[in-house]
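Numbering (the numbering used here), first residue to last: 532 to 707.
Report on the structure given below.
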Amino acid sequence: TANVLASALATSLTENGLSPTWSAIASTETVSARDNTQTTGPGTNIPIYLINGTRVADDYDDFWDGTLQTAINVTPDDDTAQPINTVWTGTAPDGSISGSNFLGAGNQPVFGIPTSVDSNWVSLSDDPNFNNKRFYGISSVLTVEASETVPEPSALVSLFALGVMGAVYRLKKSQK
Numbered sequence: 532t533a534n535v536l537a538s539a540l541a542t543s544l545t546e547n548g549l550s551p552t553w554s555a556i557a558s559t560e561t562v563s564a565r566d567n568t569q570t571t572g573p574g575t576n577i578p579i580y581l582i583n584g585t586r587v588a589d590d591y592d593d594f595w596d597g598t599l600q601t602a603i604n605v606t607p608d609d610d611t612a613q614p615i616n617t618v619w620t621g622t623a624p625d626g627s628i629s630g631s632n633f634l635g636a637g638n639q640p641v642f643g644i645p646t647s648v649d650s651n652w653v654s655l656s657d658d659p660n661f662n663n664k665r666f667y668g669i670s671s672v673l674t675v676e677a678s679e680t681v682p683e684p685s686a687l688v689s690l691f692a693l694g695v696m697g698a699v700y701r702l703k704k705s706q707k
């Protein structure tokens, strides 16, 4: 599945003793990308970053509001994705399942483009499911104690538009 691929490819990003779990930013017939990535519900003050430390969204609602602060165009190797690279999502701009264009069925799933900062990042068009495309991926929330010195974002938080998928780190600062 896309989640297994996301997890396997993103393990190379584990740094500083962190062991996040990874999910594909993808919708199937029964699970939306918001639910699959756990970017729904209380997500205030949990920003989302590229692996190079660039902020993509201020919180979950910002992530799914149709615009990003920067494109999800970085691969796990910190390379820039090319505009011709497209990414399977099966997802509508708000993170919901894209009608009958979800992943995993005999249909034409929705895809996005990793160089876009508008809703096209996740929902540009649909295409026959036999075409090769990449995936985005996102990490579980990474929590850092407020009393600790917080390293630069590039050491803790990430999102990547992979050569084979893309991933996002989420950072939550504990208020202890």
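Here a beta-carbon is modelled for each residue, glycine too, at the ideal position from N, C-alpha and C.
Practice item. Determine, using beta carbons only, whether residue 621 and residue 640 come nearer to each other than 8 Å. Key: Yes, Cβ-Cβ distance for residue 621 and residue 640 is below 8 Å.
Review point. Starting from residue 636 and walking both ways along the alpha helix (DSSP H), at which residues does that stretch end?
Key: Per DSSP, residue 636 belongs to no alpha helix (DSSP H) and is neither H nor E.
Review point. Between residue 589 and the rest of its own chain, which residues show a CB-CB distance below 7 Å, the 5 nearest in sequence each way excluded?
Key: 578
Review point. Considering only C-alpha positions, which residue in the set 642, 652 and 650 is nearest to residue 663?
Key: 642
Review point. At what residue ranges does the stretch 578-616 contain a whole run of the alpha helix (DSSP H), taking only runs of 4 or more?
Key: DSSP runs (the alpha helix (DSSP H)) wholly in the stretch 578-616: 591-594.
**Study point:** Short Cβ contact (8 Å threshold) for residue 585 with residue 601
**Key:** yes
Check your understanding: Secondary structure at residue 654, three-state DSSP: helix, strand or coil?
Key -> Here residue 654 sits in coil by DSSP.
**Study point:** residue 564 - DSSP class collapsed to helix/strand/coil
**Key:** helix
Review point. Got a sec? Which residues, its chain only, sit under 6 Å from residue 685 by beta carbon, not counting five neighbours each side?
Key: Residue placement at residue 685 is flagged as unreliable, the pLDDT there being 36, under the threshold of 50; a coordinate-derived value is accordingly withheld.
Check your understanding: Can you give the beta carbon distance from residue 634 to residue 603, rounded, assuming they're within the 8 Å contact cut?
Key -> Not quite, the Cβ-Cβ distance comes to about 17 Å (not below 8 Å), so this is no contact.
Practice item. Leaving out five residues on either side along the sequence, give the residues of the same chain with a beta carbon under 8 Å from the beta carbon of residue 562. Key: 628
Practice item. Along the beta strand (DSSP E) that carries residue 670, what are the first and last residues, could you check? Key: 668-670
Practice item. State buried or exposed for residue 573, treating a residue as buried only when at least 16 other CB atoms are found within 10 Å of its CB. Key: exposed
**Study point:** Separation of residue 550 from residue 636, as counted between CA atoms
**Key:** Looking at the backbone, the Cα of residue 636 and that of residue 550 are separated by about 32 Å.
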